[in-house]
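Position 77 (the sequence shown) corresponds to 138 in our numbering; numbering is contiguous.
Reading through the structure tokens given below for one structure.
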Amino acid sequence: MVSEDSVDRDRETKPRKYAAAGITHYWRVEQNNGLPVVYVYELESTTKTYVPTGIFHNRLKLTVPFLIDIDLTAVNRRR
């Protein structure tokens with residue numbers, strides 16, 4: 062979960078380090094009005110950089126890298 066103190070680290074530093082390490086999938090979770098928003102990225106093999114594959118607000122439903130289906134609106138709001 063990205064916090065105010067970690068925005069630069071979570072959006073810039075971590076993706077570069079994870080890509081350099083060859084981690085093929087990167088998800089970043091942020092908040093919008095107290096609800097989670099999930100940003101999904103996949104490592105592009107030629108450039109070794111992450112390519113956005115989706116932004117999920119209400120429901121996170123994916124088949125890659127594994128089958129997952131989460132109702133994001135059911136996640137408790139942060140107070």
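Glycine is no exception: its CB is placed at the ideal position from the N, C-alpha and C atoms.
- Lys122: member of the beta strand (DSSP E) spanning Arg120 to Leu123, first to last residue.
- Taking every protein chain shown into account, the CB of Leu128 has fewer than 16 other CB atoms within 10 angstroms, so this residue is exposed.
- A direct Cα-to-Cα measurement between His118 and Thr74 gives close to 24 Å.
- In summary, Pro126 is exposed, with fewer than 16 beta-carbon neighbours lying within 10 Å of its beta-carbon over all protein chains present.
- DSSP places Pro97 in the uninterrupted beta strand (DSSP E) bounded by Leu96 to Glu105.
- CA-CA distance, Ala81 to Lys109, rounds to 7 Å.
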